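Student: Residue numbers (my numbering), protein chains in the order written: chain F, 1 to 239; chain A, 1001 to 1277.
Each residue gets a CB set at the ideal place from its N, CA and C atoms; glycine is no exception.
Being a predicted model, the structure only gives us computed values, none of them experimental.
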Amino acid sequence: MAGQSGELKLLGMFASPFALRAKLALSFKGLSYEYLEEKDLQNNKSELLLKSNPVHKKVPVLIHNDKPVCESMIIVQYIEEAFASVGPSLLPSDPYERAVARFWAAYIDEKLFSSWMMVFRGKTDEEKAEGTKQSFAVAATLEGALAECSKGKPFFGGDSVGYVDVALGGFVAWVHAIEKLYGLKVFDAGKTPLLAAWLERFCALEAAKAVMPEVEKLVELAKMRQAQAAAAAAAAQGN
Amino acid sequence: MEGKEENASEAAPLKLLGSWASSYTHRVQLALRLKGLEFEYAEEDLANKSDELLRLNPVYKKVPVLVHGGRALPESVIILQYLDDAWPERRPLLPADAFDRALARFWCHFADDKLGPAVGAVFTSTGEEQEAAVRQVHENLALVEAELREGAFKGRRFFGGDEVGLLDVVLGCGSYWLAVFEEVTGVRLVDADAFPLFHAWLRDFEALDEVRETIPAVDRLLEYARGVRHMLLGLAGAGGAGGAGADAPSSTAADAPTASPPPAAATATAADIAVDI
């Protein structure tokens, strides 16, 4: 906490992989903050959230000395830049390596989450199968990215975690939840050995464990949402 | 000389693979010009991508790709930040303050994630779908206008302040499509009365020398956009306010002007430009 100036608040929600990224970054940097859980994002967003992120009304939002920063990877970059002298650096200093890190974080945003959504929300078996196929393709690409970025070291960031580790790390709790829900191993040791090893290593880090949500709670939430969706569909058909 | 293989030095040559009608490509060209950096330009035929492009950007296979010292950088906003990181002493695009940088990044993402696709949707649709897309564009522009009027960018000539910055380059290279699409689709997108500050900003942006050097002549853009929309709609003479319009025979894409790419490629090409705002 030495060197940390100003007041930090984080608006989040326990199941949000994007909020988890912000928590991970704060944890890895050793920064202290007040955490505010949005209890009902679907129906009753807090005043503070609506005021702090009027454009998207989404978590996470980092509020530093009353100034809001929105969007998970923008928050991570902000933390890196505003607290450059606190804790480890998350981005490499070499310009090209920074660009590579940004590239893979953006790829994860664009491809990983959307492929999983196809599995979750797919209405037909075909849609779900397509989502599964895509999520394996994305995992295969990330396997190559990990090899390229880590150069044989434990993390995308090298010896210690970096920007891409945080970007992917936000999703690890859901990776475990997906396995419990669907029996689907997103980072299968047989198909993507580097990612499977990375997953174990990442989850074993103290700073990650400190902020990781309980997988059971995610599974419960997913089942509840599926039940709600099924009930809504049945009600719609009944009319 | 030490370590010349380690990092591409500032002196290593720059090559840009791009497409003349791609606003993502224009962003990089403009940034290079603003920073006074020499570069070689290679035009890609998006309907027939070069082996070089496919090799340099295997994940997305898109332009622009900047090659510096033999290393490839894809994705326009990533390239722009790279230029700042690699040439920090030359006219930085991002502001110095961490919070201002976060704001610039936020609105760049908004431009690419929300505004751009909405404008693209106006171009690729008709009827009710188009009306909904137009409303979306207006909502998005209203948010930007509000930031100029009373928010993060209040009182500024450009988003970057007195001089253009990252967000100007990102929003600006693409905003010229608004006028082109208005002409081609007959739909009003940027009303100077409804969005006076955005309108004024765009006018000032487009007047800059480096911008005039970068953005293609409006005639070429109009011709291109008309061709793409024609292809997408599969109608002869489909056009905007200036079109001959009436009683066009219901021709299919097969009857479209000769030497044009098939519809799938046209859609791909449209996707490359239509979401480029």
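Return the CA-CA distance between Gln1155 of chain A and Asp66 of chain F, expressed in angstroms with no decimal places.
Tutor: The amino acid occupying residue 1155 of chain A in the given sequence is Gly; Gln does not appear at that position. Rounded to whole angstroms, the separation of the alpha carbons of Asp66 of chain F and Gly1155 of chain A is 22 angstroms.
Student: Given this structure, state the Cα-to-Cα distance separating Ser115 of chain F from Gln134 of chain F, to the nearest angstrom.
Tutor: 6 angstroms
Student: Taking just the CA atoms, how far does Phe1123 of chain A sit from Glu1183 of chain A?
Tutor: 11 angstroms
Student: Report yes or no: is there a C-beta of chain A within less than 7 angstroms of the C-beta of Phe103 of chain F?
Tutor: Contact with chain A is found for Phe103 of chain F, since one of that chain's Cβ atoms lies less than 7 angstroms from the residue's Cβ.
Student: Would you kindly work out how many angstroms separate the C-alpha atoms of Gly1160 of chain A and Pro1095 of chain A, rounded to a whole number?
Tutor: 7 angstroms
Student: Below 8 angstroms, how does it come out for the segment 1192-1202 of chain A and the segment 1140-1151 of chain A: are there three or more Cβ pairs, yes or no?
Tutor: yes
Student: Keeping to the same chain, check which residues put their C-beta closer than 8 angstroms to that of Tyr35 of chain F; ignore five residues upstream and five downstream.
Tutor: Counting only residues of its own chain and dropping the five nearest sequence neighbours on each side, Tyr35 of chain F has a CB closer than 8 angstroms to the CB of Lys9, Leu10, Gly12, Lys23.
Student: Using beta carbons (cut-off 7 angstroms, strictly below), is Ile1078 of chain A in contact with chain F?
Tutor: yes
Student: Taking all protein chains shown into account, do 16 or more other C-beta atoms lie within 10 angstroms of the C-beta of His1060 of chain A, making it buried, or fewer, making it exposed?
Tutor: In the sequence as presented, His is not what sits at residue 1060 of chain A; that position holds Tyr. When all chains shown are included, Tyr1060 of chain A counts as exposed.
Student: Do the segment 73-92 of chain F and the segment 26-34 of chain F touch if we need at least three Cβ pairs shorter than 8 angstroms?
Tutor: yes
Student: For Gly1036 of chain A, which option in A:Glu1213, A:Tyr1224, A:Val1134, A:Leu1115 has the closest C-alpha, if you only look at C-alpha atoms?
Tutor: A:Glu1213
Student: Below 7 angstroms CB to CB, which residues in the same chain sit around Leu221 of chain F once its five sequence neighbours on both sides are set aside?
Tutor: Ala15
Student: Looking at chain F, is there any beta carbon in it that lies within less than 7 angstroms of the beta carbon of Asp1272 of chain A?
Tutor: Legend: pLDDT at Asp1272 of chain A = 41, less than 50; position of this residue unreliable, value from coordinates given subsequently. With 7 angstroms as the cut-off, Asp1272 of chain A does not count as an interface residue toward chain F.
Student: Pull up the distance between the alpha-carbon of Leu195 of chain F and that of Ala189 of chain F, whole angstroms please.
Tutor: 8 angstroms
Student: With respect to the alpha helix (DSSP H) encompassing His1026 of chain A, which residues constitute its N-terminal and C-terminal limits?
Tutor: 1023-1034
Student: Only counting the same chain, and skipping five residues up and downstream in sequence, which positions put a Cβ closer than 8 angstroms to that of Asp1247 of chain A?
Tutor: Note that Asp1247 of chain A scores a pLDDT of 35, beneath 50, so its modelled location is shaky; the value from the coordinates is reported in the next line. There are no such residues.
Student: I'd like to check one pair, Arg1027 of chain A with Val1169 of chain A: are the Cβ atoms closer than 7 angstroms?
Tutor: yes
Student: So which residues on chain A does Lys67 of chain F lean against when the C-beta distance must stay under 8 angstroms?
Tutor: Phe1099
Student: In chain order, what residues of the same chain lie with their CB nearer than 6 angstroms to the CB of Val61 of chain F, ignoring the 5 residues before and after it?
Tutor: Leu11, Ser52, Asn53, Pro68, Cys70
Student: Give me the chain F residues within the contact set of Phe1106 of chain A, using Cβ-Cβ distance strictly less than 7 angstroms, ordered along the chain.
Tutor: Cys70, Glu71, Ile74
Student: Answer yes or no: do Val1137 of chain A and Ala1118 of chain A have a C-beta to C-beta separation smaller than 7 angstroms?
Tutor: Yes. Within cutoff.
Student: Using a Cβ cut-off of 7 angstroms (strictly closer), state whether Arg1071 of chain A contacts chain F.
Tutor: yes
Student: Using the rule of at least 16 other Cβ atoms within 10 Å of the residue's Cβ for burial, across every protein chain shown, is Gln226 of chain F buried or exposed?
Tutor: exposed
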